[in-house]
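*Asks:* Here it is, the structure in full.
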Amino acid sequence: MSTMIRPALSLLVLMTLITGIAYPLVVTGIAQLAFPDQANGSLVRDADGKVRGSALIAQDFSGDAWFHPRPSAGAFATVSSSASNLAPSNPALATRVIEEANKQLVPGQGAVPLALLTTSGSGLDPHLPPAAIAYQLARVAAARNLPVATVQQLVDAHVERPLVGPPVVNVLALNIALQQL
0 MSTMIRPALS LLVLMTLITG IAYPLVVTGI AQLAFPDQAN GSLVRDADGK VRGSALIAQD
60 FSGDAWFHPR PSAGAFATVS SSASNLAPSN PALATRVIEE ANKQLVPGQG AVPLALLTTS
120 GSGLDPHLPP AAIAYQLARV AAARNLPVAT VQQLVDAHVE RPLVGPPVVN VLALNIALQQ
180 L
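Going by numbering that gives the first Met the number 0, the residue at position 178 of the sequence shown is 177; the numbering climbs one at a time, nothing skipped.
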């Protein structure tokens, strides 16, 4: 019996050391060297150096003076991050989208962009398409008593053009820049 248990325990200890300690330490070290900002959470700091959030996680902004992100199925909590998992045929999804559309609707500006009504796969996507930001532009400019052209210049400066995919705007970064105006 001991001829079977001893090799099994030795293999268990060896694999625990390799996969539970050595591999995570090597991957963490490579990440810290190659991508230190991303490995440490892509933190966004204000002018005073205070952490205001992460460039990778959306935050809820309420009030007319702010650009709003897409809705979150998990109330912007990272612990419960996920999609809503509501099927297109689910009446609860239709109700939530209609309620969100009524909150976001700007009279005379047409239909609310879909990105402002639907959640992302993670429920925490910090980016919106420029069209969804443009839809909110007049509301934010009016609430802050700023010319629309001034806010538009700020938005244009925050449009990111990734290597793959359409242009996007990080709502947190845009709102922090808006606060500094």
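Beta carbons: idealized from backbone N, C-alpha and C, even for Gly.
Small disclaimer: the values here were computed from a predicted structure and weren't measured.
May I ask which residues mark the beginning and end of the alpha helix (DSSP H) holding residue 169?
*Replies:* Note, residue 169: premise wrong, no alpha helix (DSSP H); beta strand (DSSP E) at 167-169.
*Asks:* How long is the line joining the alpha carbons of residue 134 and residue 25, rounded to whole angstroms?
*Replies:* So the alpha carbons of these two residues sit roughly 46 angstroms apart.
*Asks:* Helix, strand or coil: which one does DSSP assign to residue 52?
*Replies:* The answer is strand: DSSP assigns residue 52 an E or B state.
*Asks:* Measure how close the beta-carbons of residue 165 and residue 55 come, nearest whole angstrom, since I'm counting them as under 8 angstroms.
*Replies:* That belief does not hold up - the Cβ atoms of residue 165 and residue 55 are roughly 18 angstroms apart, past 8 angstroms.
*Asks:* Relative to the C-alpha of residue 154, which residue among 14, 169, 143 is closest?
*Replies:* Measuring from the Cα of residue 154, the nearest candidate turns out to be 169.
*Asks:* Applying the 10 Å Cβ sphere with the 16-neighbour rule, what's the burial state of residue 132?
*Replies:* Result: buried.
*Asks:* Can you tell me where the alpha helix (DSSP H) holding residue 95 begins and where it ends?
*Replies:* Start and end: 90-103.
*Asks:* Any idea what DSSP makes of residue 69, helix, strand or coil?
*Replies:* Residue state, collapsed to three classes: coil.
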